[in-house]
Structures are given as structure tokens and as C-alpha cells.
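Residue numbers (our numbering): 59 to 227.
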């Protein structure tokens, strides 16, 4: 089965309700582990479900782009990515979030990801956040791309999900 190459983005209203999963309450070490890599950012990400795994991957991305403590949930952005395999759907979703930051300077403060298990696998993410403001937000890393190198997303025997993802810096 060929993966679907579909991704979509749409802007939400300027005022948004508080996200159900605000990242201010997360401790990075409970969501992802940074693995050793000589030049790039390499993560192992965990989640109780595939949906939570995707949310944690988006957190890892934005947590490494900027200091998130000052990012407020002022507006929403909706991203969608599809593929035949979970790992590729995850990579496409994180890549769309990176494009959202690069093109529109949107920083996320939280998100919710819904998973459609029909073929192809479709992820819909609602991100809460605001536009980058250099007076209030500190950038941490310049991330160039979300790669396929060492990409994986698997459900463990316990039912939990684990993924590895490499960000080119």
C-alpha cells in the first residue's frame, strides 16, 4: 500500500479555549529521552496511546525550538497528516508542525491529536499557542528537518507506544 502524501494546515480563531493538554504541566523526562547523536537531536518518545505518542512528539519538537514557559494558548492551528504506517504518519505530522513554525512563526503551548484508524492512517492535531514574539520568547535550536533516519513507532506488548525520531539541526 502506498503512503498517502497528504498534509493540511488551517488557522483557527484568534481566541481559543485553554488546551486540554497544556505543556506547561509536563516534565520533559516523562515524555521523551534525548539519545546520543553527534550532530542532530535524536529522541525516544513514549505514550500510553498512539495519540499521546504524537502529542509528546510535538512537545519534543516545540520544547527544543523555544522556551515554552512564556508561550500562551491564544489561538489554534490545525494540522493533518496521513500515511499507511504509524511511523511515517508521525514524521509527517511533526514535519508539518515544523513548517508551521518556519513559515508562520507559530509556537505551540499544547495540543490534542486525534487518530483515524481507517486506511490511510490520518492524524489531526489541534495546536494551541501564539505567534513568536522576540520580546517574550527565547529560541533554543534551529531545526531544519524531520528525517526518516532511524524513524520508528511501535506498540509494545504492554500496549504503550514508543517512537524514535531524528531532527536535523
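Backbone N, C-alpha and C fix where the C-beta goes; we use that ideal spot for every residue, glycine too. Being a predicted model, the structure only gives us computed values, none of them experimental.
Count the other CB atoms, across all protein chains shown, that sit within 10 Å of the CB of residue i; report buried if there are 16 or more and exposed otherwise.
i           : result
residue 216 : exposed
residue 152 : buried
residue 131 : buried
residue 188 : buried
residue 142 : exposed
residue 70  : Confidence is the limiting factor: at residue 70 the pLDDT is only 49, short of 50, which leaves the residue's position unreliable, though a coordinate-based value still follows. The residue is exposed, with fewer than 16 neighbouring Cβ atoms inside 10 Å.
residue 140 : buried
residue 203 : exposed
residue 163 : exposed
With which residues is residue i paired in a DSSP beta bridge?
i           : result
residue 186 : 134, 168
residue 208 : None; residue 208 has no bridge partner.
residue 104 : 220
If the criterion is Cβ atoms closer than 8 angstroms, does the pair residue i and residue j meet it?
i           : j           : result
residue 201 : residue 103 : no
residue 210 : residue 147 : no
residue 92  : residue 84  : no
Less than 8 angstroms between C-beta atoms, sequence neighbours within five positions excluded: which residues of the same chain meet that for residue i?
i           : result
residue 155 : 116, 119, 120, 137, 166, 183, 185
residue 124 : 165, 190, 195, 196, 197, 198
Excluding five sequence neighbours on each side, which residues of the same chain lie with their C-beta closer than 7 angstroms to the C-beta of residue i?
i           : result
residue 109 : 171, 172, 173
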